[in-house]
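**Student:** Be aware that the sequence shown starts at 0, since it is given in numbering that gives the first Met the number 0, and climbs by one per residue.
Yeah, the Cβ is synthetic: ideal placement off N, Cα and C, and Gly gets one too.
On a predicted model such as this, the values are computed, not experimentally measured, just so you know.
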Amino acid sequence: MGTRSLYDVPTVFWSLLTLLIHMHTRLGTNGFNIKLIPKYSIDSVLFPKNLSQQEKQNRLVELSKTRALHFQSLNFANAINSTKQGIKVLQPSVQRYDQFYVAEVAIGTPPYHVLLLVDTGSEKTWVQGEGCSKCFDLIYDNFEYENSQTYSMVSCDHVLCNPRICIDNVCHYSITYEDDDSSKGYLSSETFKFPMREDGYVTYENVIFGVGMENSENPFMSDGNVIGGVFGLANGPRSILRQLERHTHLRFSYCLFDFTSGPETYTYLHFGDDAQIIGNDQAMVQTTSLLPHDDGYYLEVLGITMNGNLLPINPRDLQLREDSSGGFIIDSGAIVTYLVPNAYSVVRNEVLRYLEEAYDWNPMENTGQPFDLCYRVQPTENQKFPSLGITFVGAHLELGSHRVFNSIEDNIYCMFITSSAVLDVNILGAAQQQDYRFLFDVGAGLMQFVPEKCQFN
């Protein structure tokens with residue numbers, strides 16, 4: 000998960016997204032969707048008003064770096080899903096903020112209302128508990144688990160008590176990330192309620208999650224923090240995707256709209272039968288395989304192209320190894336795309352060469368930006384930055400020049416692809432996913448995508 004602060008960026012940027020979940024029941028359907036609305040909307044309670052543009056950009060890249068650290072440092076469980084409760088059909092609508100997916104959840108009886116960071120790169124759900132010995136700041140109360148009538152601690156013989164960290168037959172959990180963010184506490188069972196689009200809630204009983212009693216000091220927002228924990232949606236056995244499998248069917252889809260969309264723009268995250276993808280003669284649905292992995296959605300990448308030509312990148316730099324190191328992840332929680340140093344060096348050098356030969360453009364020496372490659376130029380209609388593409392097994396994702404370079408100030412364009420430095424993982428970030436619909440069918444081990452205008456979808 001990494002150390003997280005809440006940063007804002009100009010509306011021309013994609014930033015890491017947040018979700019505020021409202022549930023809406025739709026009869027006859029075994030699925031649901033989540034409305035996404037930008038965090039930089041004037042209605043966003045998480046919108047920080049006092050950051051300079053430089054601060055916004057620096058923090059933006061720092062966030063993406065911690066995402067890379069997060070994926071490099073994950074430990075994977077081998078337990079299986081044991082959820083058996085009956086759950087009503089539901090269709091949540093969710094609002095998109097800027098940098099995090101945040102789910103509004105009511106936990107326990109009486110209900111404790113909390114915003115949880117929705118993390119597609121982690122399976123584990125946890126919330127900070129009252130009486131924590133190591134706590135992060137939160138503008139509202141912690142979860143008073145001892146006062147909940149439906150709360151129980153999980154015993155050590157529970158199938159999801161894996162790894163088995165047991166004290167007096169109570170299962171504990173411990174999550175530690177390479178950047179030293181961590182959470183430790185009780186593995187617990189509780190009732191989760193999600194607000195419907197209109198009045199009322201949809202209820203899930205016996206959801207397994209953690210009550211954090213020893214947490215990092217600053218895992219989320221540095222000031223005015225409203226995020227009380229994590230809502231895990233990756234593919235591990237403790238994932239909400241798995242625990243609510245009866246309704247998610249291990250399927251979800253999203254479509255992230257472009258940088259220039261206004262603050263009133265929104266889209267949806269869809270689950271279960273509500274997660275569909277449709278192509279046409281001009282936009283064919285492409286399909287590639289998801290690699291087996293409990294945390295994060297890993298893809299087999301064969302190469303990277305520039306303007307249709309394969310770049311000389313060693314395929315080993317893009318592949319997942321037998322020890323689960325390396326690999327290529329698709330992550331809506333990271334704003335920019337990260338490549339391991341060898342791969343990034345090839346991409347950067349080829350982009351430099353192309354722009355110098357085509358337009359006699361030279362990069363800025365001191366960008367003053369958190370991005371490695373920037374140009375101070377005024378492109379004409381016929382001058383375009385190069386297009387990059389990612390070739391998967393059986394599919395090719397064309398990014399287009401507008402998903403590679405973005406204007407961060409007047410006449411300053413920076414490449415939203417950078418090096419993961421010492422990190423041994425590649426991440427396809429949100430900036431390169433805009434105006435594509437992605438569908439993850441975890442049960443079938445497939446990811447599909449197709450170009451789509453994402454606003455209001």
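Apart from the five residues on each side of it in sequence, which residues of its chain come closer than 6 Å, Cβ to Cβ, to Asn234?
**Tutor:** On the sequence shown, residue 234 is found 235 positions in, with the first residue counted as 1. So the qualifying residues of the chain are Asp293 and Val441.
**Student:** What distance in whole Å lies between the Cβ atoms of Ser181 and Ser215, which are believed to be in contact at a cut-off of 8 Å?
**Tutor:** Indexing the sequence shown from 1 puts residue 215 at position 216. Indexing the sequence shown from 1 puts residue 181 at position 182. Ser215 to Ser181, Cβ: 5 Å. Contact.
**Student:** In the DSSP assignment, the alpha helix (DSSP H) including Arg241 goes from what residue to what residue?
**Tutor:** Mapped onto the sequence shown, residue 241 falls at position 242. Its alpha helix (DSSP H) spans residues Ile239 to Gln242.
**Student:** Report yes or no: do three or more beta-carbon pairs, one from the segment 436 to 453 and one from the segment 249 to 257, lie closer than 8 Å?
**Tutor:** The way I'd put it, the segment 436 to 453 does touch the segment 249 to 257; three or more beta-carbon pairs between them come closer than 8 Å.
**Student:** Using a Cβ-Cβ cutoff of less than 6 Å, which residues in the same chain neighbour Ala429 once the five nearest sequence positions on both sides are dropped?
**Tutor:** Locating residue 429 in the sequence shown gives position 430, counting from the first residue. If we look at Ala429 and ignore the five residues flanking it on each side, its Cβ neighbours are Trp13, Leu255, Ser331 and Ile334.
**Student:** Between which two residues does the alpha helix (DSSP H) harbouring Val345 extend?
**Tutor:** Along the sequence shown, read from residue 1 onward, the residue named residue 345 stands at position 346. Counting along the chain, the alpha helix (DSSP H) containing Val345 begins and ends at Pro340 to Tyr358.
**Student:** With C-beta atoms as the reference, is Gly209 less than 8 Å away from Lys133?
**Tutor:** Your numbering for residue 209 matches position 210 in the sequence shown. Your numbering for residue 133 matches position 134 in the sequence shown. Taking 8 Å as the Cβ cut-off, Gly209 and Lys133 do not qualify as a contacting pair.
**Student:** For Val300 versus Val449, is the C-beta spacing smaller than 8 Å?
**Tutor:** Position 301 of the sequence shown, counted from the first residue, corresponds to residue 300. Position 450 of the sequence shown, counted from the first residue, corresponds to residue 449. Not closer than 8 Å, so no.
**Student:** Say whether chain B places a C-beta atom closer than 8 Å to the C-beta of Arg245.
**Tutor:** Protein chain content of the structure displayed is limited to a single chain, and chain B is not contained in it.
**Student:** What span of residues does the beta strand (DSSP E) with Leu289 cover, start to end?
**Tutor:** Mapped onto the sequence shown, residue 289 falls at position 290. Note, Leu289: beta strand (DSSP E), Gln285 to Leu290.
**Student:** DSSP three-state call for Leu396: helix, strand or coil?
**Tutor:** Indexing the sequence shown from 1 puts residue 396 at position 397. Note: Leu396 maps to strand in three-state DSSP.
**Student:** What residues are listed by DSSP as bridge partners for Phe219?
**Tutor:** Position 220 of the sequence shown, counted from the first residue, corresponds to residue 219. Phe219 is not bridged to any residue.
**Student:** Tell me Phe415's beta-bridge partners as DSSP assigns them.
**Tutor:** Against the sequence shown, residue 415 aligns to sequence position 416. DSSP lists no partner for Phe415.
**Student:** Taking the alpha-carbon positions, what's the Asn341 to Gly130 distance?
**Tutor:** By 1-based counting over the sequence shown, the position of residue 341 is 342. By 1-based counting over the sequence shown, the position of residue 130 is 131. About 47 Å.
**Student:** How far does the beta strand (DSSP E) with Pro450 in it reach, from first residue to last?
**Tutor:** Taking the first residue of the sequence shown as 1, we reach residue 450 at position 451. Its beta strand (DSSP E) spans residues Leu445 to Pro450.
**Student:** What is the DSSP secondary structure of Glu122, reduced to helix, strand or coil?
**Tutor:** Here residue 122 corresponds to residue number 123 of the sequence shown, with the count starting at 1. DSSP places Glu122 in coil when its eight states are reduced to three.
**Student:** Whose C-beta lies closer than 6 Å to the C-beta of His112 among residues of the same chain, with five residues either side of it excluded?
**Tutor:** Residue 112 sits at position 113 when you count from the first residue of the sequence shown. Around His112: Ala105.
**Student:** Note the first and the last residue of the continuous beta strand (DSSP E) segment covering Tyr200.
**Tutor:** Within the sequence shown, residue 200 is the residue found at index 201, counting from 1. Tyr200 -> beta strand (DSSP E) spans Tyr200 to Asn214.
**Student:** Please say whether Ile239 and Gly231 have beta carbons closer to each other than 8 Å?
**Tutor:** Stepping through the sequence shown from its first residue, residue 231 is reached at position 232. Stepping through the sequence shown from its first residue, residue 239 is reached at position 240. Contact flag set, yes.
**Student:** Can you look up Tyr139 in the DSSP assignment and give me helix, strand or coil?
**Tutor:** One-based indexing of the sequence shown puts residue 139 at position 140. DSSP places Tyr139 in coil when its eight states are reduced to three.
**Student:** For the beta strand (DSSP E) holding Arg436, just list the boundary residues, first then last.
**Tutor:** Within the sequence shown, the letter at position 437 stands for residue 436. Start and end: Tyr435 to Asp440.
**Student:** What are the boundary residues of the beta strand (DSSP E) that Tyr144 is part of?
**Tutor:** Within the sequence shown, residue 144 is the residue found at index 145, counting from 1. It is not in any beta strand (DSSP E) - Tyr144 carries neither H nor E in the DSSP assignment.
**Student:** Which residue's Cα is closest to the Cα of Gly399: Met305, Asp140 and Ala274?
**Tutor:** Numbered from its first residue, the sequence shown carries residue 399 at position 400. Nearest of Met305, Asp140 and Ala274 to Gly399, Cα basis: Met305.
**Student:** Excluding the 5 residues preceding and the 5 following Lys183 in the sequence, name in chain order all residues of the same chain whose CB lies nearer than 6 Å to its CB.
**Tutor:** Here residue 183 is taken as the residue at index 184 of the sequence shown, counted from 1. Ser173 and Glu213.
**Student:** Looking at C-alpha atoms only, which residue of Met414, Asn365 and Asp167 is the closest neighbour of Lys383?
**Tutor:** The residue given as residue 383 occupies position 384 in the sequence shown. Nearest in C-alpha terms to Lys383, of all of Met414, Asn365 and Asp167, is Met414.
**Student:** Flag this pair as yes or no: are the beta carbons of Leu445 and Thr247 separated by less than 8 Å?
**Tutor:** For the purposes of this step, residue 445 is taken as residue 446 along the sequence shown, with counting starting at 1. For the purposes of this step, residue 247 is taken as residue 248 along the sequence shown, with counting starting at 1. No; because the gap between Cβ atoms is not below 8 Å, this pair is not in contact.
**Student:** Rounded to a whole number of angstroms, what is the C-alpha to C-alpha distance between Asp371 and Gln275?
**Tutor:** Here residue 371 is taken as the residue at index 372 of the sequence shown, counted from 1. Here residue 275 is taken as the residue at index 276 of the sequence shown, counted from 1. For the pair Asp371 and Gln275, the Cα-to-Cα distance works out to about 37 Å.
**Student:** Helix, strand or coil for His246 per DSSP?
**Tutor:** The residue you call residue 246 lines up with position 247 of the sequence shown. Helix, per DSSP.
**Student:** Using DSSP with H/G/I as helix, E/B as strand and the rest coil, what is Arg320?
**Tutor:** By one-based count along the sequence shown, residue 320 stands at place 321. Arg320: coil per DSSP, three-state reduction.
**Student:** Could you say which of Arg237, Ile329, Thr108 and Val339 lies nearest to Leu159 if we only look at CA atoms?
**Tutor:** The count along the sequence shown starts at 1 and reaches residue 159 at position 160. The option with the nearest alpha carbon to Leu159 is Arg237.
**Student:** Closest by CA to Ser154, which one among Ile207, Ile389, Val126 and Phe142?
**Tutor:** As a first step, residue 154 is located in the sequence shown; it is residue number 155 there, counting from the start. It is Ile207.
**Student:** Provide the residue(s) that pair with Thr390 in DSSP beta bridges, ordered along the chain.
**Tutor:** One-based indexing of the sequence shown puts residue 390 at position 391. Answer is Gly302 and His395, bridged to Thr390.
**Student:** In terms of residues, what are the limits of the beta strand (DSSP E) holding Phe230?
**Tutor:** The residue labelled residue 230 in the question sits at position 231 within the sequence shown. From DSSP, the beta strand (DSSP E) with Phe230 extends over Ile226 to Gly231.
**Student:** Assign Ala102 to one of two classes, buried (16 or more other C-beta atoms within 10 Å of its C-beta) or exposed (fewer than that).
**Tutor:** As a position in the sequence shown, residue 102 is number 103, starting the count at 1. The residue in question, Ala102, is buried, as its Cβ has 16 or more Cβ neighbours within 10 Å.
**Student:** Buried or exposed for Lys192, please, with buried defined as at least 16 other CB atoms from any protein chain shown within 10 angstroms of its CB.
**Tutor:** Stepping through the sequence shown from its first residue, residue 192 is reached at position 193. By the 10 Å Cβ count, Lys192 comes out buried.
**Student:** Between the Cα of Gln148 and those of Asn161, Thr190 and Asp140, spot the shortest distance and give me the residue it belongs to.
**Tutor:** Along the sequence shown, one-based indexing puts residue 148 at 149. Out of Asn161, Thr190 and Asp140, Thr190 has the C-alpha closest to the C-alpha of Gln148.
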